[in-house]
Each structure stands twice: as C-alpha cells, then as structure tokens.
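S.K.:
In the working numbering, the protein residues as written are 54 to 152.
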C-alpha cells in the first residue's frame, strides 16, 4: 500500500487515483475543483491549490507520490481557492454566452 500525508494525517493512495484531487476526495476531504471533471470545457479553474512539500501546486496537475506531505486546509490556501472559484465562475458565465 502507498500512503501520503494530508494536513498531518496519513492517507492511503489508491491505484485508481490519477491525481491528488482523486486521492484527497477518496480520503473524504473536501477540495474545490469545479473544472476537474464537469466544467473542463471552460478551461482550468486553478482552484485546487495545495501546498506540496513547501511548494504551491494544483492538485489536478499532480499525481500522488508516496510519503508526500500535502497542506490542504490552511487559511491562506482556503482564501486563495475562494478567489479562484469566483474568477472561474465569472469566466464560465462569460463563456456560456458564446456557446
């Protein structure tokens, strides 16, 4: 079995997890990622911002790595994700006018 750490908690990584969004959701943790499956046609929302081993990254663009340390729930990350969701929502509404 493979494991990684999310907010200091050891989490199992499934072989089916293609990205960290999958791993985080399978661990019953919440992560904002509206474009991940359903709204990709409108582009990337960049709202799945996390910190991996001290570096800001997008969960949708990173595969789970054994023993990796991920910060998900920290105030600055949460606030930044909220801003990115608002910007994506505005972008989506604008793009829907052209469909």
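Backbone N, C-alpha and C define an ideal beta-carbon position, used for all residues, glycine too.
#1: Can you find the residues in the same chain that come closer than 7 Å, C-beta to C-beta, to residue 85, ignoring five residues on each side of it along the sequence?
#2: Residue 97: which of 111, 106, 67 sits nearest, CA to CA?
#3: Which residue comes first and which comes last in the beta strand (DSSP E) that contains residue 55?
#4: In terms of residue numbering, what span does the alpha helix (DSSP H) encompassing residue 130 cover?
#5: Given that a residue counts as buried once 16 or more other Cβ atoms are within 10 Å of its Cβ, and exposed if not, what is residue 113?
#6: DSSP beta-bridge partners for residue 81?
#7: Among the candidates 126, 104, 143, 128, whose CA atom is the shortest distance from the CA of residue 117?
#8: Alpha carbon to alpha carbon, how far is residue 54 from residue 149? Give it in angstroms, no decimals.
#9: Since residue 57 and residue 123 should fall inside the 8 Å C-beta cutoff, what is the C-beta to C-beta distance between them, to a whole number of angstroms?
M.R.: Considering the structure as presented:
#1: Indexing the chain shown from 1 puts residue 85 at position 32. Counting only Cβ-Cβ distances below 7 Å, and skipping sequence neighbours, we find 100, 101, 134, 138.
#2: What you label residue 97 is simply residue 44 of the chain shown in a count that begins at 1. Considering only alpha carbons, the answer is 111.
#3: As a first step, residue 55 is located in the chain shown; it is residue number 2 there, counting from the start. First-last of the beta strand (DSSP E) with residue 55: 55-59.
#4: Within the chain shown, the letter at position 77 stands for residue 130. Start and end: 128-149.
#5: Counting from 1 along the chain shown, the entry for residue 113 is found at position 60. Its Cβ being crowded by 16 or more others within 10 Å, residue 113 is buried.
#6: Working through the chain shown from its first residue, we reach residue 81 at position 28. In the DSSP output, where bridge partners are listed per residue, residue 81 has none listed.
#7: The sequence position of residue 117 within the chain shown is 64, counting from 1. The candidate whose alpha carbon is nearest that of residue 117 is 104.
#8: By 1-based counting over the chain shown, the position of residue 149 is 96. By 1-based counting over the chain shown, the position of residue 54 is 1. Each residue's Cα considered, the two are about 43 Å apart.
#9: Walking along the chain shown from the start, residue 57 turns up at place 4. Walking along the chain shown from the start, residue 123 turns up at place 70. Yes, residue 57 and residue 123 are in contact; Cβ-Cβ is about 6 Å, under 8 Å.
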